[in-house]
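Chemist: Below you'll find the structure I mean.
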Amino acid sequence: MLVGSALMRALDPAAKLEELISRPLVKVCGLTCNEDVEVAAAAGVDMAGFVLAAESPRRAPGVLEVPETMLSVAVFVGERRETNADLVQLYAREDGHRGRDAVLYRGDEAVAEVLDLPWRSADSDHLDRAAAISQKRRVMLAGGLGPKNVAEAIERVRPWAVDASSSLETAPGLKNHRRVREFVRAVTLASSTKPK
Numbered sequence: 208m209l210v211g212s213a214l215m216r217a218l219d220p221a222a223k224l225e226e227l228i229s230r231p232l233v234k235v236c237g238l239t240c241n242e243d244v245e246v247a248a249a250a251g252v253d254m255a256g257f258v259l260a261a262e263s264p265r266r267a268p269g270v271l272e273v274p275e276t277m278l279s280v281a282v283f284v285g286e287r288r289e290t291n292a293d294l295v296q297l298y299a300r301e302d303g304h305r306g307r308d309a310v311l312y313r314g315d316e317a318v319a320e321v322l323d324l325p326w327r328s329a330d331s332d333h334l335d336r337a338a339a340i341s342q343k344r345r346v347m348l349a350g351g352l353g354p355k356n357v358a359e360a361i362e363r364v365r366p367w368a369v370d371a372s373s374s375l376e377t378a379p380g381l382k383n384h385r386r387v388r389e390f391v392r393a394v395t396l397a398s399s400t401k402p403k
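Residues in the sequence shown are numbered from 208 upward in steps of one, following my numbering.
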């Protein structure tokens with residue numbers, strides 16, 4: 208669905224297909240307003256994440272409408288609810304907060320494992336752990352990614368997708384449009400310079 212829509216809208220479908228298969232998919236999470244969704248779409252983001260967990264400062268009013276070039280992702284902690292989202296990202300609830308990792312679902316089918324950092328803490332082995340898991344399963348890499356470090360993360364992990372949120376913000380739930388564009392550019396550049 209995503210690839211078909213992107214190719215149909217592309218000025219150069221062959222170049223767009225090459226880009227899509229040469230780089231990880233890009234998800235921007237914590238979107239809360241239509242303006243930020245529009246900027247993310249224009250930048251080339253593939254998935255728009257809407258946090259629906261009540262305790263999050265990035266809680267969206269719901270799953271906002273996205274253009275046909277993007278997939279919508281409803282993000283839940285603890286239990287999922289019915290939404291109009293294309294995908295659901297579900298974290299376990301641990302100690303009153305989200306657990307470390309999540310599963311990305313399309314309907315009832317798990318399509319990827321979301322490898323994140325522990326709640327409000329660092330892990331110096333995060334990329335090594337993700338690289339090992341990505342050899343066996345489809346991985347969306349999350350946790351502390353931004354324009355300055357996503358290239359290294361892509362090189363080390365070779366993820367199916369990358370996910371950024373707080374590093375792209377001016378305030379919780381409000382995106383810095385320049386950083387969103389820089390993040391997508393960094394992913395595209397890192398993927399175009401990797402060895403074939």
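Glycine residues also receive a C-beta, built at the ideal position from the N, C-alpha and C atoms.
1) My guess is that residue 371 and residue 347 are in contact by the Cβ rule of under 8 Å, so how many angstroms apart are they, rounded?
2) I'd like to know if the stretch 380 to 393 and the stretch 238 to 251 are in contact, where contact means that at least 3 CB-CB pairs between them fall below 8 Å.
3) Between residue 352 and chain C, is there a C-beta pair that is closer than 7 Å?
4) Using a 10 Å radius around the Cβ and a threshold of 16 neighbouring Cβ atoms, would you call residue 305 buried or exposed?
5) Over the uninterrupted beta strand (DSSP E) stretch that includes residue 310, give me the two end residues.
6) Cβ atoms of residue 294 and residue 313: under 7 Å apart, would you say?
7) In this structure, does DSSP put residue 370 in helix, strand or coil?
8) Please classify residue 323 as buried or exposed, where buried requires at least 16 other C-beta atoms within 10 Å of its C-beta.
9) Mind checking which residues open and close the alpha helix (DSSP H) that includes residue 385?
10) Expressed to the nearest angstrom, what Euclidean distance is found between the alpha-carbon atoms of residue 248 and residue 265?
11) Can you give the Cα-Cα distance for residue 257 and residue 263, rounded to whole angstroms?
12) Within the same chain, show all residues whose beta-carbon is closer than 8 Å to that of residue 336, passing over the 5 residues directly before and after it, in chain order.
13) In angstroms, rounded to a whole number, what distance separates the CA positions of residue 391 and residue 310?
14) Assuming residue 396 contacts residue 358 (C-beta within less than 8 Å), just tell me the rounded distance between them.
15) What residue range does the alpha helix (DSSP H) around residue 300 cover?
16) Drop a sphere of 10 angstroms on the beta-carbon of residue 237, count the other beta-carbons inside from all chains shown, and report buried for 16 or more, exposed for fewer.
Modeler: This is what the structure holds:
1) Here residue 371 refers to the residue found at position 164 when the sequence shown is read from its first residue. Here residue 347 refers to the residue found at position 140 when the sequence shown is read from its first residue. At roughly 11 Å, the Cβ-Cβ gap does not stay under 8 Å, so residue 371 and residue 347 are not in contact.
2) yes
3) You won't find chain C in this structure, because it holds only one protein chain.
4) Translated into the one-based positions of the sequence shown, residue 305 becomes position 98. Burial check for residue 305: the Cβ neighbour count within 10 Å reaches 16 or more, so the residue is buried.
5) Within the sequence shown, residue 310 is the residue found at index 103, counting from 1. Unbroken beta strand (DSSP E) run through residue 310: 304 to 313.
6) On the sequence shown, position 106 is the one that residue 313 refers to. On the sequence shown, position 87 is the one that residue 294 refers to. Yes, the Cβ-Cβ distance between residue 313 and residue 294 is below 7 Å.
7) Reading the sequence shown from its first residue, position 163 is the one you call residue 370. Here residue 370 sits in strand by DSSP.
8) Residue numbering aside, residue 323 sits at position 116 when the sequence shown is read from its first letter. That one is buried.
9) Residue 385 sits at position 178 when you count from the first residue of the sequence shown. Element bounds for residue 385: 384 to 399.
10) Taking the first residue of the sequence shown as position 1, residue 248 is located at position 41. Taking the first residue of the sequence shown as position 1, residue 265 is located at position 58. Straight-line Cα distance between these residues: approximately 19 Å.
11) Here the question's residue 257 lines up with position 50 in the sequence shown. Here the question's residue 263 lines up with position 56 in the sequence shown. Whole-angstrom Cα-Cα distance: 11 Å.
12) Taking the sequence shown and counting its residues from 1, one reaches residue 336 at position 129. Excluding residues within five positions, the ones whose Cβ falls inside 8 Å are 322 and 330.
13) Residue 391 sits at position 184 when you count from the first residue of the sequence shown. Residue 310 sits at position 103 when you count from the first residue of the sequence shown. So the alpha carbons of these two residues sit roughly 23 Å apart.
14) Within the sequence shown, the letter at position 189 stands for residue 396. Within the sequence shown, the letter at position 151 stands for residue 358. Residue 358 and residue 396 do touch by the CB rule: their CB atoms are close to 7 Å apart, below 8 Å.
15) On the sequence shown, position 93 is the one that residue 300 refers to. Per DSSP, residue 300 belongs to no alpha helix (DSSP H); it is in the beta strand (DSSP E), 294 to 301.
16) Within the sequence shown, numbered from 1, the residue matching residue 237 stands at position 30. Burial call: buried.
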